[in-house]
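Peer 1: I have a structure here, written as structure tokens, and I will follow up with some questions on it.
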Amino acid sequence: MKRPPKHAPSRIASTAQLRAFQRMMASAIVRPLTADDGLQPKWIDGRPMDRVAAEFIKPNDRLTSFERLQLYNRMYWFRLFDAIRDDCPGLLAALGERAFRRLAQEYLTRCPSRSFTLRNLCSRLERFIRERPALTAPRTALALEIARFEWAQTIAFDGESRPVATVEHIARTPPGRLRLGLQPYITLLALKHPIDAYVIRVKRRDALRSEASNTPDAAARVHRAFRRTPLPRPSPTFVAVHRHNNRLFYKRLDPAAFRILGALAGGLPLSRAIAAGGPGVRPRQARAWFKSWMALGWFCARGNKRRRNAS
Amino acid sequence: MPANRFNGHSDYGIGIGLRVPHYAHILSKKPVVDWFEIISENFMVEGGRPLELLDRILEQYRVVQHGVSMYFGSADRPDRAHLKRLKGLVRRTGTPWLSDHLCWGSVDGTYTHDLLPMPYTFAAARRTAEKIRQVRDYLEVPICVENVSSYAEFHASEMTEWEFLAEVVELADCGILLDVNNIYVSSKNHGFNPYDYVDNLPHHRVGQMHVAGHTRFEKYILDTHDHPVLDPVWRLYARATRLCGVTATLLEWDDKIPSFDEVHGEALKANDFIDGAKRAAV
Chain A
1 MKRPPKHAPS RIASTAQLRA FQRMMASAIV RPLTADDGLQ PKWIDGRPMD RVAAEFIKPN
61 DRLTSFERLQ LYNRMYWFRL FDAIRDDCPG LLAALGERAF RRLAQEYLTR CPSRSFTLRN
121 LCSRLERFIR ERPALTAPRT ALALEIARFE WAQTIAFDGE SRPVATVEHI ARTPPGRLRL
181 GLQPYITLLA LKHPIDAYVI RVKRRDALRS EASNTPDAAA RVHRAFRRTP LPRPSPTFVA
241 VHRHNNRLFY KRLDPAAFRI LGALAGGLPL SRAIAAGGPG VRPRQARAWF KSWMALGWFC
301 ARGNKRRRNA S
Chain B
1001 MPANRFNGHS DYGIGIGLRV PHYAHILSKK PVVDWFEIIS ENFMVEGGRP LELLDRILEQ
1061 YRVVQHGVSM YFGSADRPDR AHLKRLKGLV RRTGTPWLSD HLCWGSVDGT YTHDLLPMPY
1121 TFAAARRTAE KIRQVRDYLE VPICVENVSS YAEFHASEMT EWEFLAEVVE LADCGILLDV
1181 NNIYVSSKNH GFNPYDYVDN LPHHRVGQMH VAGHTRFEKY ILDTHDHPVL DPVWRLYARA
1241 TRLCGVTATL LEWDDKIPSF DEVHGEALKA NDFIDGAKRA AV
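Residue numbers (this note's numbering), protein chains in the order written: chain A, 1 to 311; chain B, 1001 to 1282.
As structure tokens, then:
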């Protein structure tokens, strides 16, 4: 968003003045909350915020201009915090409430939403964590992997699917020329931690908490018992985040299988992709993998879109 | 006026919002419902479960699209990619009309994901109407704009909210989705008479109505959609129905959502007021 005007326009008689007014109000709404969830007392130029708010918002007999603006400021942040918490339960569990909120506030301040839908809110989170490691230290490596994994889930949930490559198409094309695409909703992840298992544990814990939420005693017991899901220990993990019959799944992959899929996704023809799996891949094993991937409908004709696979 | 050109000359009755907690019930029990309102943005995706579910609903039910991100009142131009995606959904659902809010919420491509109130000025009305026309012409479907609930008023405003709404819909030649709960909420927050609002609208342009619950705080009322409809809102709905005629009506319940039957039962209370309006008209 462009910098707001020094003062909100007193009249709105043109689209330019409407835009200036909207920049002013939107800039105020998206400013980070104070520690006690209030509107910041000073405007970006140092003037008292109550004076700035009074320039364009009418007070009423119960609320000042400042308080009315604060309602919108709070609603903005509470809405976005809720959305990011919903999308990133694993990251929240790994960082803890305070660090997660600090990360979310910094992220949303530096990378405000550029999409009409909250679905895309976390699309730039992995990159942001990489650029601002101090916000997640000392768990930055873990946070990066969880953010990548949780965004992959969003893609798997409602990402594009293309017509599945048929057995006939595959059979009639020589392996040296056959190039297969991976469905756009699949993300291949090479991780240093078993993030899939961790996220499953976190979701189970959250579901149990939710189940107990109507019975305060039980909720307290559950909260004590599940205060913290143990963080995953380092262990190389290769996983495809995908969907099948429109349900979300995480499929563990053998490292060689991961390399083959990555090579196919990268555009190599089938024969070279299989070779990329390494010398230890036996034909029988490769056939079994392909049979499974075909059954899952993972292959499609290659498109022009760049693959999102992470290494 | 049950059917008019602003709701595609349809004659829909009482609907409810299609919400995730009710999916399983709807698909397994197939309850009788006049129509469902969907939030367009929830289905403006490229694949997966949302579209599968929508197609299953469309096999059984009439669906009307309601949007939350068109931001007719934003100074920014309509986003072509967004419109293209929305048009694809319009074709898929066959919605007889499409609604979104008379508000703004984005500037310079940054989204607040809120329904922010407009400054009620003639210039803002002209700009808003121009965008509504552009969107309608592109989507080729009638459009109804919904009045929002608000918590702030602006010094720059040159007219009342209902005058602004009337100005916009006349300039755009579009319909109104009259949210009587939003009128009630804003009337309490800004100290106007909600009946002045309802009485002074171009009633022939009302293509749909919304009812919902709200939450009263010490100094203001919030439009929370997490309660049954309160009596003052039903009374306002009765007045609006007498003035506008029996109109497609939808109950919004978006938080602390109870069972399907409870939500549907609450929506069907509108029938009591519709019957009253019919009797009064005889």
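Every residue gets a Cβ at the ideal spot worked out from N, C-alpha and C, and that includes glycine.
Excluding the five sequence neighbours on either side, which residues of its own chain have a C-beta within less than 8 Å of the C-beta of Gly1265(B), listed in chain order?
Peer 2: none
Peer 1: Cα-Cα, which of Ser1149(B), Thr1121(B), His1210(B) and Ser1186(B) is closest to Leu1178(B)?
Peer 2: His1210(B)
Peer 1: First and last residue of the beta strand (DSSP E) that includes Ser1099(B)?
Peer 2: Leu1098 to His1101
Peer 1: When you check each C-beta in the stretch 13-42 of chain A against every C-beta of chain B, which residues fall closer than 9 Å?
Peer 2: Of all residues in the stretch 13-42 of chain A, Ala13, Ser14, Thr15, Ala16, Gln17, Leu18, Arg19, Ala20, Phe21, Gln22, Arg23, Met25, Ala26, Ser27, Ile29 and Val30 have a Cβ within less than 9 Å of some Cβ in chain B.
Peer 1: Could you pull the start and end residues of the beta strand (DSSP E) that Cys300(A) belongs to?
Peer 2: Phe299 to Ala301
Peer 1: Determine the closest residue to Gly229(A) out of Thr173(A), Asp206(A) and Ser10(A), with distance taken between C-alpha atoms.
Peer 2: Note that residue 229(A) corresponds to Thr in the displayed sequence, not to Gly. Of the listed residues, the one whose Cα sits closest to Thr229(A) is Asp206(A).
Peer 1: In three-state DSSP terms, what is Glu1041(B)?
Peer 2: helix
Peer 1: Return the chain-ordered list of same chain residues with a C-beta closer than 7 Å to the C-beta of Arg1239(B), the five sequence neighbours on each side being excluded.
Peer 2: Contacts found: Tyr1195 and Val1198.
Peer 1: Tell me whether the beta-carbon of Arg1205(B) lies closer than 8 Å to the beta-carbon of Gly1175(B).
Peer 2: yes
Peer 1: I'd like to know whether the C-beta of Lys1030(B) is nearer than 8 Å to at least one C-beta of chain A.
Peer 2: no
Peer 1: When burial is assigned at 16 or more other CB atoms within 10 Å of the CB, is Asp158(A) buried or exposed?
Peer 2: buried
Peer 1: Taking the C-alpha atoms as reference points, what is the distance between Asp1226(B) and Lys1256(B)?
Peer 2: 6 Å
Peer 1: What does a CB cutoff of less than 7 Å around Pro1117(B) pick up in its chain, not counting 5 residues either side in sequence?
Peer 2: Around Pro1117(B), the same chain offers Cys1103, Val1148, Ser1150 and Ala1152 as residues with beta carbons nearer than 7 Å, after the five sequence neighbours per side are excluded.
Peer 1: Any idea what DSSP makes of Thr1112(B), helix, strand or coil?
Peer 2: strand
Peer 1: Let me know the secondary structure DSSP gives Asn309(A) once reduced to three states.
Peer 2: The pLDDT assigned to Asn309(A) is 48, lower than 50, so where the model puts this residue is not dependable; a value taken from the coordinates is nonetheless given after this. When DSSP states are grouped into helix, strand and coil, Asn309(A) belongs to the coil group.
Peer 1: How should Glu1170(B) be labelled, buried or exposed, when 16 other C-beta atoms within 10 angstroms of its C-beta is the threshold for buried?
Peer 2: exposed
Peer 1: Leu1251(B): which of Pro1228(B), Ala1280(B) and Thr1241(B) sits nearest, CA to CA?
Peer 2: Pro1228(B)
Peer 1: Note down, in chain order, every chain A residue with its Cβ under 9 Å from the Cβ of Leu1116(B).
Peer 2: Gln22, Met25, Ala26, Ile29 and Tyr72
Peer 1: So the candidates are Arg68(A), Asp61(A), Leu253(A) and Asn246(A); which of them puts its Cα closest to the Cα of Phe238(A)?
Peer 2: Leu253(A)
Peer 1: Taking the runs of the beta strand (DSSP E) that are 3 residues or longer, which of them lie wholly in the stretch 1169-1234 of chain B?
Peer 2: 1175-1179 and 1206-1212
Peer 1: Could you give the C-beta distance for Arg79(A) and His1113(B), rounded to a whole number, given that I count them as a contact under 8 Å?
Peer 2: 6 Å
Peer 1: Which term fits His1009(B), buried or exposed, when burial requires 16 or more other beta carbons within 10 angstroms of its beta carbon?
Peer 2: exposed
Peer 1: Given that a residue counts as buried once 16 or more other Cβ atoms are within 10 Å of its Cβ, and exposed if not, what is Val1032(B)?
Peer 2: Counting other Cβ atoms within 10 Å of its Cβ, Val1032(B) stays below 16 and is therefore classed as exposed.
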